[in-house]
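Q: Residue numbers (this note's numbering): -13 to 293.
1. Once the 5 residues before and after residue 203 are set aside, which same chain residues still bring their CB inside 7 angstroms of it?
2. Does the Cβ of residue 231 have 16 or more other Cβ atoms within 10 Å, making it buried, or fewer, making it exposed?
3. Name the one or two DSSP bridge partners that residue 77 has.
4. Are residue 281 and residue 34 touching if we call contact CB-CB under 8 angstroms?
5. Quick check on DSSP: helix, strand or coil for residue 88?
6. State the start and end residues of the unbroken alpha helix (DSSP H) segment that holds residue 141.
7. Could you tell me the alpha carbon to alpha carbon distance between residue 245 and residue 187, rounded to whole angstroms?
8. In this structure, how does DSSP classify residue 52 when only helix, strand and coil are distinguished?
9. In or out: residue 10 buried (at least 16 other Cβ within 10 Å) or exposed?
10. What three-state label does DSSP hand residue 291 in the structure shown?
11. In this structure, does DSSP put residue 238 in helix, strand or coil?
12. Would DSSP call residue 216 helix, strand or coil?
13. My guess is that residue 225 and residue 206 are in contact by the Cβ rule of under 8 angstroms, so how many angstroms apart are they, rounded?
14. I'd like to check one pair, residue 32 with residue 157: are the Cβ atoms closer than 8 angstroms?
15. For residue 251, which residues from the same chain have a beta carbon less than 8 angstroms from its beta carbon, with the 5 sequence-adjacent residues on both sides left out?
16. What's the call for residue 41, buried or exposed, on a 16-neighbour Cβ count within 10 Å?
17. What span of residues does the alpha helix (DSSP H) with residue 250 cover, start to end?
18. Can you give the Cα-Cα distance for residue 302 and residue 183, rounded to whole angstroms?
19. Locate the alpha helix (DSSP H) running through residue 34, then write down its first and last residues.
20. Could you work out which residue in 38, 83, 161, 139 is closest to residue 274 when comparing CA atoms only?
21. Buried or exposed: where does residue 97 fall if 16 or more other Cβ atoms within 10 Å of its Cβ makes it buried?
22. Excluding the five sequence neighbours on either side, which residues of its own chain have a C-beta within less than 7 angstroms of the C-beta of residue 176, listed in chain order?
23. Would you decide whether residue 247 is buried or exposed? Buried here means 16 or more other CB atoms lie within 10 Å of its CB.
24. Find the nearest neighbour of residue 263 within the set 178, 137, 227, 130, judged by alpha-carbon distance.
25. Is it the case that the segment 97 to 108 contacts the segment 44 to 64, given that we only count it when at least three CB pairs across the two stretches are under 8 angstroms?
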């Protein structure tokens, strides 16, 4: 994984260098959330996809930075919407700096990402990330409208594809595009599956993870009234009216226990593995097995993580 570690170090240097706002407060908020860490999975996917396809990683680096800005901006906005108090093991930025400043810093980071794409990318890359940002916003609205309700599997995947999957898709598509591949949309679809798996694992960890490793309370999404795949996969074995009532009243400890007992977490990991296997199969078909080892390791880490 030394290649991945190198890519992360490269990104860490560039994330603060490119931020460069004229207003100090924006730098303070941006630096706070960027320095809180994170896996940098999306921009690293972009860098390694480009590199594996024979492209110049320096060409895609500022675009990978833009991908992470979009992700970080979405976290700032999400924490305001959700009223979160913890993010990556520390106080969330909205508690430290206030909602207004976090929303506006998020806006700045979205704009900065598009500025990077206008300067270092091309019209196709701008189209890819602009589409992703629009879909992400729609995914968040869909999720917000579903809070407190039991949703079906189709609705769940519609939400997570937009909320999470599209930025993974954009990451791989941009990497392929900057490497000169005309079939970048196939890489987008591959990344979408990786993103699906990533969110499925996130949702499983909300039931079975530990607060120490997650950096936030376990069962947080469930207490907020979010119906995710672990619950959906076993809902036929539960009293739906009781579940709805508990989701709306944040009385969810019993739901978490029952979902784990009924195998909901196990089923969620199985679903995540299925999407990772599909993505890896497509990756090998498009690139040949000899060129994919590092990228495969990164993709597999999606389902092996504990936070």
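All residues carry an ideal CB built from backbone N, CA and C; glycine is no exception.
Since the model is a prediction, treat every value here as computed from it, not as a measurement.
A: Here's the rundown:
1. Residue numbering aside, residue 203 sits at position 217 when the chain shown is read from its first letter. Answer for residue 203: 72, 197, listed in chain order.
2. By 1-based counting over the chain shown, the position of residue 231 is 245. Exposed: under 16 other Cβ atoms inside 10 Å.
3. Working through the chain shown from its first residue, we reach residue 77 at position 91. Within the DSSP secondary-structure output, residue 77 pairs in a beta bridge with 72.
4. Along the chain shown, read from residue 1 onward, the residue named residue 281 stands at position 295. Along the chain shown, read from residue 1 onward, the residue named residue 34 stands at position 48. It is a contact, given that the beta carbons lie within the stated cut-off.
5. The residue you call residue 88 lines up with position 102 of the chain shown. Three-state DSSP puts residue 88 in a helix.
6. As a position in the chain shown, residue 141 is number 155, starting the count at 1. It spans 139 to 146 - the alpha helix (DSSP H) in which residue 141 sits, taken as one unbroken run.
7. For the purposes of this step, residue 245 is taken as residue 259 along the chain shown, with counting starting at 1. For the purposes of this step, residue 187 is taken as residue 201 along the chain shown, with counting starting at 1. So the alpha carbons of these two residues sit roughly 15 angstroms apart.
8. By one-based count along the chain shown, residue 52 stands at place 66. DSSP places residue 52 in helix when its eight states are reduced to three.
9. By 1-based counting over the chain shown, the position of residue 10 is 24. Exposed.
10. In the chain shown, residue 291 corresponds to position 305, counting from 1. In the structure shown, residue 291 sits in coil (DSSP, three-state: anything other than H, G, I, E or B).
11. As a working note, residue 238 is residue 252 in the chain shown. If DSSP states are grouped into helix, strand and coil, residue 238 belongs with coil.
12. As a working mapping, residue 216 is identified with position 230 in the chain shown. In the three-state scheme derived from DSSP, where H, G and I count as helix and E and B as strand, residue 216 is classed as helix.
13. Residue 225 sits at position 239 when you count from the first residue of the chain shown. Residue 206 sits at position 220 when you count from the first residue of the chain shown. That belief does not hold up - the Cβ atoms of residue 225 and residue 206 are roughly 23 angstroms apart, past 8 angstroms.
14. Counting from one through the chain shown, the residue named residue 157 turns up at place 171. Counting from one through the chain shown, the residue named residue 32 turns up at place 46. Contact: yes.
15. As a first step, residue 251 is located in the chain shown; it is residue number 265 there, counting from the start. Here the set comprises 190, 193, 194, 216, 245.
16. Taking the chain shown and counting its residues from 1, one reaches residue 41 at position 55. Label assigned to residue 41: buried.
17. Against the chain shown, residue 250 aligns to sequence position 264. Start and end: 250 to 273.
18. A query on residue 302 cannot be resolved here, the shown segment of the chain reaching from -13 to 293 and no further.
19. Translated into positions along the chain shown, residue 34 becomes position 48. Counting along the chain, residue 34 sits inside the alpha helix (DSSP H) bounded by residues 27 to 38.
20. If you number the chain shown from 1, residue 274 lands on position 288. Its Cα nearest to that of residue 274, the residue 38 stands out among 38, 83, 161, 139.
21. Position 111 of the chain shown, counting from 1, holds the residue named residue 97. Result: exposed.
22. Residue numbering aside, residue 176 sits at position 190 when the chain shown is read from its first letter. Cβ neighbours of residue 176 beyond the five flanking positions: 158, 265, 268, 269.
23. Numbered from its first residue, the chain shown carries residue 247 at position 261. Classification for residue 247: exposed.
24. The residue labelled residue 263 in the question sits at position 277 within the chain shown. Cα-wise, what sits closest to residue 263 is 178.
25. Judged by Cβ distances under 8 angstroms, the segment 44 to 64 makes contact with the segment 97 to 108, as three or more pairs qualify.
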